[in-house]
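Q: Residue numbering for the sequence shown follows my numbering, beginning at 1 and increasing consecutively. The beta-carbon is built from N, C-alpha and C at its ideal position, and this holds for glycine as well. Please read all numbers here as calculations on a predicted model, not as lab measurements.
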Amino acid sequence: MKVTRTEEVTKSRIRVYLEEEPAFVLYKGEARRLHIREGMELTQENYNIIMEELLPKRAKLRAMNLLKSREYTVKQLRDKLESGEYPQDVIEEALAYVASFHYTDDLRYAVSFITSHENARSRRRIEQDLLARGIDRDTVEKAWTEWEEEGGCQDEQAMIHKLLEKKHFVPERANLKEKQKMYGFLMRKGFSGEQVRKAILCTAGEYETE
């Protein structure tokens, strides 16, 4: 494999291209030690050292260090490692490594997220947030079930009324235009049309659909 190009990523790291394709990022000292320079052939032995020793060890340490400060979903952790330009095989090895210690668990993450936001966000909004974090819908549903089995429950009417109070919105004094504006605001928060209409005391026929 020929090193066709190298370029500086930071003062201490370079991106290495093999056969015109970006392959990996190394510290400059590592590149010197492995005799990596533009136009040089990268030996199979040195390639194996990089792909089987250097990068996997670094990716695992990076993942572990990230998980020290907060919990990540598998997707979030993968995104972080991809931003470090680790090869996909190395990323998957690092993810499998931390998962083997149960440091990543999307179901656990989802249950914790629901518990943390149960009194501030609608169910629909929580589901949207979890899906955006890369948690699949089946896991989200399992998380709701586990959360409910642990005694979790939501009062969306209470949440809506809290938002109305924060907005100084008094349904009895609001005109149709003001109600429509508040209706849109609450819908964007993820509350159902039925819950919103009930909260802002809409009269029949003011809204045709949700």
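Just mark R2 as buried or exposed, buried being the case when its beta carbon has 16 or more other beta carbons within 10 Å.
A: Here residue 2 is Lys; the residue named in the question, Arg, does not match the sequence. That one is exposed.
Q: Would K189 count as contacting chain E if we go by Cβ distances under 8 Å?
A: Here there is only one protein chain, and chain E is not present.
Q: Between which residues of its own chain and Q157 is the CB-CB distance below 8 Å, once the five residues before and five after are set aside?
A: Excluding sequence neighbours, Q157 sits near Q195, K198 and A199.
Q: Pick out the complete beta strand (DSSP E) segments inside the region 17 to 94, 3 residues or longer, and give them in chain order.
A: Within the region 17 to 94, the complete beta strand (DSSP E) runs of at least 3 residues are 21 to 27.
Q: Would F191 be called buried (16 or more neighbouring beta carbons within 10 Å of its own) or exposed?
A: Buried is the call here.
Q: Counting along the chain, where does the beta strand (DSSP E) carrying E8 start and finish?
A: First-last of the beta strand (DSSP E) with E8: V3 to E8.
Q: Using the Cα positions of E146 and F24, report the straight-line distance between them to the nearest angstrom.
A: Their Cα atoms are separated by approximately 41 Å.
Q: So what does DSSP say about R188, is it helix, strand or coil?
A: In the structure shown, R188 sits in a helix (DSSP, three-state: H, G or I).
Q: Which residues bound the alpha helix (DSSP H) around V140?
A: First-last of the alpha helix (DSSP H) with V140: R137 to E149.
Q: Just tell me which of A63, M51 and D138 has its CA closest to the CA of F101.
A: Out of A63, M51 and D138, A63 has the C-alpha closest to the C-alpha of F101.
Q: Which partner residues does R13 have in the DSSP bridge list?
A: DSSP, once it has assigned bridges, lists Y27 as partnering R13.
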